[in-house]
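Single-structure report; data block below.
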Amino acid sequence: MTRSSNLTTRQQITALLLLSTALTFPAAAFAQDAGATPEPDSQEEAVVAQQPEEEVETEISIPGGEIVVTGRLNRDVTRSSTQVVTVLSSEEIARTGEGDIAGALGRVTGLSVQGNGFVFVRGLGDRYSLALLNGLPLPSPQPLSRVVPLDIFPTSIVASSLVQKTYSANFPGEFGGGVINLTTRAVPDEGFFKISAGISGDEQTTLSAGLDFYGSDYDWAGFDDGTRNIPPALQSFFDSGSRLSDLGVDQQEIAKQLGNPNLVLVQKIQQIPVNFSGGLTAGDAWDFGSDGRFGIIANASLNNKWRTRSIVKQSAVNSDLDLDSDFRDFVTDNRILVNGLLGFGLELGQHKIRFTNLYIRDSLKQSRLSTGTDFQDDDSEYIQNTAWFERQLIDSQLVAELEFGDLNVDLRGGFAQTKREAPYEYSFTYVRTNNANDPLGDKFINVLDRQTGSASVAFSNLKEDLWYGGIDFSYPATDWLRLTTGYAYTNTDRLSSRREFLFDAGANFDDAVGALRPDLLLGDAVIDYYGIGLIETTQSDPAFSAGLEIHAGYLKTVIQPLYGVTMDLGVRYEDAVQTVNPVEVFATPTNSGSSTFLANDYFLPGGTITWEIGDSLQFRVNASKTIARPQFRELIFQTYFNPETNRQFNGNPFLVDSRLTNAEARAEYYFGRGNRISLAGFYKDIKNPIEVFSSFSDNVQVSGFANAPKASLYGAEFDIQYGYDLIDLGGSFESKRAIVVANYTYTQSELQVTQNDIARVFPFADQPATNFFRNGVPLTGQSDHLVNLQLGIEDLDKLQQFTILMSYASQRVTSRGTAALPDILEDPGLSVDLVARQEVKLGSRPFELKLEARNIFGRDNFEFQSNGANRIEINSYQLGQSFSLSLSTEF
């Protein structure tokens, strides 16, 4: 929409400064055709006439209607949407040089990436962020996440990525910080075949010494060849419903089948190999009839990556942070990511149908050696862990976007299944007493008595099925009023089990035998001779089922009551039942109280008002109410080890929903082609926020979850995107364009806790909330300062780009401290990357060459506790610089 303006530049700047102090209200993205379009001013018509019409079509598929904004000159989705959105097109994603969507989204204002691909919006945890694929929900194979980690989505299969920070009723009510919607490629413009390959490495890992264990023949591809199948004796025990103490259970036979040397014996690798990746993407489209078009797109890729970390891991015995334990963990991860996508697209006139099938398999093979001192017992320990984690997502979805004149009808439905299997999680602890009177006091031994050594093995399995569907109608009642309504249904079922066994040698075990390496210690002869048995530590609650069923309906209107003013108003109703129940696996039932039943319904309003003051300046205010439900894994009272954060987690079945009230005000100024500046203020009030707390037991960090009473969050965002043609410099710069993209987010949050507040943490009785939370401290995961800066230069006539990317995040809390210990903090700091893309010719064929240098200043990972005088490291290690080179060509 183009209109003339009578405001002077001074007036526009004054309005921008005044408007930035107001508050805001969230709403939804909407195509730009609602309402009458005034005639463009003659001066701008002249400008348009002087330049060729550049149509840039960005397609976004979301509930309530597909957004297709055809921009000309300075018109784009960010400006023309009725919501606060940021859209990354495939070209903008490519400019970041990132190989996955999580990395690319880390460059968006207010977004930060933590761990393996979990995208946080405005410093809020992933439970406050929502991820959709083509407008439909994505389940997560990660037990500790509500949404799928976005680093498993390669950029090659994504047509666009939309980030909406303001809530609108067409989106699910679990909308705390924002929604991220990925739209996959469906119907290609023309047939193509693209092949790519790359290598990479980092200075801490590549060609340096590391650890590994044999595993199976196909580990390199992310698949097991059957080596890790549950052994027959153990499977028979599971099927029988018996307990280990029951008559007829042959513990020795089960134990002998659990000591496979290929899964137990850790070996040193002199030189970790170079990381490698490869991918194929192909697509084609065919026209038929007068207005029909059918397309197919397929993608397959494999990425094999190694990472070695030397971790400092300490724990404190008191609030003075005197050491309780001091360990060094040497960990080598081999992560294999396999993914495939098969999409079919059909266009019939204005109707569009897409059938998308996604397969992602993410496998992690981990070898870990730990050495350190337990100062309470004054002994030294040597710990070995081996593990294999398989995460898998299969997602099939059908989306029909239909237009019947002015009436738009969207139909969406599908099925997704996620699995996580972790068979044979081994842990061996050897102890050196350092006692001069002990004949073996200078040796590390493991006598399998859980005092002077221990050995355990665990089998974890998770399966989640998600059915979803929805229908949306959109109709322009008048030229100034558009109505949208819809219904959505989701049904999620999860089954999670974990069985852990300790090897028990009894009192007659010879101490000298305890010096054997792990595979020999669990050899058949040792087990038979000493009668080594088993103890099941997960006997009380070995398995859980969980479910979440949601019925939702909404009504949303877009109104243009006055020239230049747009109101996007709506309300959503959700009725949900969430349950968690123990599953009986034994013939004799257990009396477990670790169950959850949450039945709630909500009316969730959201509204946005956009005021276009002139050709270049617009202002938005928005507000909403949303919710955040506890994740299944936060509810299930079952131990889970997170290999990334190096700690154990237990759920809390007493958790309840969090309720959020959101407000925001934003001023946006647009100038030139694709250039803009925005300034915003935001506020959130959260009732019953879910926080992570940590304690230390037997030198192991154990984290749990609890509802804090209240929290508030407020802050401001500044964003600028500016491009400048360098034609005036002449010579080789005539076709070059300089690009600056910078954003800064300032956030403050605090928990609000009083002496009268109660915290409910299973299996304990209700207790004062001050035992877990301190008044005035920030929310977990929230950084006060987030900064992203891109400085780039690109050629407009050929593929040639060079970009410097800088990201900074200030300290943030990762977990609350308990027992008077300070909170655990993370200090991400500054990371600087360089990305270069260049077209090169090998023979007569053009190739895209991409070079990347990441973390060039070698920023390390710091996670620690500090009381001002002393500091201990919880999970700190060197990251080092990383480098990659890739080649791709398209036929």
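Letter by letter, the sequence shown follows residues -31 to -1, 1 to 860 of mature numbering (1 follows the signal peptide of the UniProt record, and there is no 0).
Even glycine gets a Cβ: it sits at the ideal position worked out from N, Cα and C.
Quick one, are the C-beta atoms of residue i and residue j less than 8 Å apart?
i: T387; j: E350; result: no
i: N231; j: Y183; result: yes
i: E637; j: G650; result: no
i: S246; j: N272; result: yes
i: Q769; j: E817; result: no
i: G33; j: R381; result: no
i: N676; j: I696; result: no
i: E143; j: L99; result: yes
i: Q240; j: S177; result: yes
State the start and end residues of the unbroken alpha helix (DSSP H) segment that holds residue i.
i: L604; result: F601 to L604
i: P487; result: P487 to L490
i: T47; result: V46 to S49
i: N231; result: P230 to V233
i: T225; result: In the sequence under discussion, the amino acid at residue 225 is Lys, which differs from the Thr named in the question. That run of the alpha helix (DSSP H) goes Q220 to K225.
i: A789; result: Careful: A789 lies outside any alpha helix (DSSP H) and carries neither H nor E.
Note the first and the last residue of the continuous beta strand (DSSP E) segment covering residue i.
i: I149; result: G147 to T153
i: L818; result: R814 to R823
i: E613; result: No beta strand (DSSP E) contains E613, which DSSP labels as neither H nor E.
i: L203; result: No beta strand (DSSP E) contains L203, which is instead part of the alpha helix (DSSP H) from P201 to S209.
i: Y498; result: Careful: Y498 lies outside any beta strand (DSSP E), inside the alpha helix (DSSP H) at D493 to Y499.
i: E143; result: No beta strand (DSSP E) contains E143, which DSSP labels as neither H nor E.
i: P797; result: First-last for P797: undefined, no H or E at that position.
i: E637; result: S627 to Y639
i: W255; result: N244 to F257
i: W449; result: Neither: W449 is in no beta strand (DSSP E) and is coded neither H nor E.
i: I841; result: R840 to E842
i: Y777; result: Q769 to A778
i: T507; result: From DSSP, T507 is part of no beta strand (DSSP E); its letter is neither H nor E.
i: R589; result: L586 to A597
i: F833; result: E832 to S835
i: S58; result: V54 to S58
i: S185; result: Segment: none, S185 is in no beta strand (DSSP E) and carries neither H nor E.
Going by beta carbon distance, what residues of the same chain come within less than 7 Å of residue i, once the five residues before and after it are set aside?
i: L333; result: D302, R304, F358 and P612
i: Y691; result: N644 and V709
i: D188; result: K334
i: D796; result: Q780 and F831
For residue i, which residues from the same chain have a beta carbon less than 6 Å from its beta carbon, with the 5 sequence-adjacent residues on both sides left out?
i: T342; result: D295 and S349
i: F413; result: Y351, Y399 and R401
i: F299; result: S279 and L338
i: M775; result: L758 and V801
i: Q670; result: R616 and S663
i: L765; result: S704 and R706
i: L249; result: I164 and A269
i: S672; result: R616, F618, V661, S663 and S784
i: A711; result: I689 and L758
i: L409; result: D480
Give me, in chain order, the residues of the same chain whose beta-carbon lies closer than 8 Å to that of residue i; leave out the 5 immediate sequence neighbours on both sides.
i: A424; result: Y395, S396, F397, T398, N415, L417, L471, F472, P487, L490 and L491
i: V534; result: I578, T579, W580 and E581
i: L848; result: D171, Q173, N824, G827, R828, D829 and N830
i: D194; result: S185, D186 and Y187
Name, in chain order, the residues that DSSP records as bridge partners for residue i.
i: E370; result: K321 and D379
i: D688; result: S647 and N712
i: T454; result: F442 and L524
i: F674; result: V661
i: K237; result: L180
i: V540; result: L524 and P574
i: I168; result: F245 and L854
i: Q283; result: D295
i: I266; result: G252 and G312
i: D473; result: G502
i: G761; result: I708 and T772
i: A128; result: Paired residue(s): none; A128 is not in a bridge.
i: V809; result: F816
Fill in: the region 261 to 280 contacting the region 841 to 855, beta-carbon criterion three pairs below 8 Å
yes
Worksheet item: Is it true that the region 751 to 766 meets the region 609 to 628, where meeting means three or more beta-carbon pairs spaced less than 8 Å apart?
Response: no
Fill in: Stretch pair the region 772 to 786 + the region 660 to 680: three plus CB contacts closer than 8 Å
yes
Worksheet item: Do the region 451 to 466 and the region 517 to 526 meet, that is, are 3 or more Cβ pairs less than 8 Å apart?
Response: These segments touch.
Worksheet entry | Cβ pair count under 8 Å reaching 3, the region 500 to 513 against the region 456 to 472 | Touching, yes.
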